[in-house]
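In the numbering used here, each number is its position in the sequence shown, counted from 1, plus 156.
Heads up, the beta-carbon is just placed ideally off N, CA and C, and yes, glycines get one too.
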Amino acid sequence: MSLARSRPSTGSRKQETLVRKTGSVITPEAVLKLTKESPKFLCPASANNVIQFLEFRIRDPKSNEVFFEVKRTTDLSWDPSYLEVDDSARSIHYTFSKSILTYPSVGTTLVFAVGAKELKSFRMIERHYFKDRLLKSFDFDFGFCIPNSINTWESVYNVPKLDSKTINDIVANPGKTASDSFYFVDDKLIMHTKAYYTYV
157 MSLARSRPST
167 GSRKQETLVR
177 KTGSVITPEA
187 VLKLTKESPK
197 FLCPASANNV
207 IQFLEFRIRD
217 PKSNEVFFEV
227 KRTTDLSWDP
237 SYLEVDDSAR
247 SIHYTFSKSI
257 LTYPSVGTTL
267 VFAVGAKELK
277 SFRMIERHYF
287 KDRLLKSFDF
297 DFGFCIPNSI
307 NTWESVYNVP
317 KLDSKTINDI
327 VANPGKTASD
337 SFYFVDDKLI
347 MHTKAYYTYV
């Protein structure tokens, strides 16, 4: 098990400048400049043939209360045809209690498999938005991964405090809170997923 190292966020200094066709070279520095949700996936699903997710959970790091959990129910396979997924499978919709918006931190656990090649670095950048406004940005670095391994990535998100007006606005607008998660292997974008949030 490894505790991911968080990189300091550079923040957002200007409006979105990343307007490229899918298939272009997308760098970590480029996605860190995004100030609103990406209108499309910035890499094809076929870009990932090195990592597969097996388990994922979201929890309160203090009480260990689990807010969301999913486990893979199919066998692990690295056959190229098995790795092909529709874009709809790259988006997820969450429904959480609105109380989570006041938590100072949220923990996640990701269990993933690595294929036959070693990964010199595995990095995730996650950008959260509400109505095209950047709320928060997270940057985690797992580091080196040995080939043919199963790994557990524990991350703690220190969440910026939201004022009551913003919280009420988020609750009143289900699905308007979104996030882009970008996964880089050796600084190459291999996976891009999206999430949409409803709070009740």
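Buried or exposed: which applies to residue i, given that a residue is buried once 16 or more other Cβ atoms fall within 10 Å of its Cβ?
i, result
"residue 306", "exposed"
"residue 234", "exposed"
"residue 190", "buried"
"residue 294", "buried"
"residue 328", "exposed"
"residue 185", "exposed"
"residue 335", "buried"
"residue 198", "buried"
"residue 302", "exposed"
"residue 181", "exposed"
"residue 356", "exposed"
"residue 225", "exposed"
"residue 311", "buried"
"residue 257", "buried"
"residue 194", "buried"
"residue 130", "Since the displayed the chain opens at 157 and closes at 356, residue 130 lies outside it and no answer follows."
Looking at the structure shown, is residue i part of a helix, part of a strand, or coil, going by DSSP?
i, result
"residue 194", "coil"
"residue 202", "helix"
"residue 305", "coil"
"residue 183", "coil"
"residue 341", "strand"
"residue 325", "helix"
"residue 355", "strand"
On the DSSP bridge assignment, give the partners of residue i in chain order.
i, result
"residue 336", "283 and 350"
"residue 294", "282"
"residue 312", "263"
Beta carbon of residue i: closer than 7 angstroms to some heavy atom of the ligand SAH?
i, result
"residue 252", "The ligand SAH is absent from the structure shown, which contains no ligand whatsoever."
For chain B, is any of its Cβ atoms less than 8 angstroms away from the one on residue i?
i, result
"residue 265", "Considering every chain present, this structure includes no chain B. It has just one protein chain."
Taking one C-beta from the region 336 to 345 and one from the region 202 to 210 each time, how about it: are there three or more such pairs within less than 8 angstroms? Taking a contact to require three or more Cβ pairs closer than 8 angstroms, the region 336 to 345 and the region 202 to 210 qualify as touching.
Contiguous beta strand (DSSP E) assignments of at least 3 residues, all confined to the region 208 to 290: Listed in chain order, they are 222 to 227, 247 to 252, 261 to 270 and 278 to 286.
On the three-pair Cβ rule with 8 angstroms, is the region 220 to 236 touching the region 319 to 339? Contact between the region 220 to 236 and the region 319 to 339 is absent, because fewer than three Cβ pairs lie under 8 angstroms.
Contact between the region 208 to 215 and the region 263 to 283 (3+ Cβ pairs under 8 angstroms): The region 208 to 215, when compared against the region 263 to 283, does touch it at the 8 angstroms Cβ threshold.
Give a yes or no on contact between the region 241 to 251 and the region 275 to 285, applying the rule of three or more CB pairs nearer than 8 angstroms. Taking a cut-off of 8 angstroms on C-beta distances, the region 241 to 251 does not touch the region 275 to 285, as fewer than three cross pairs fall below it.
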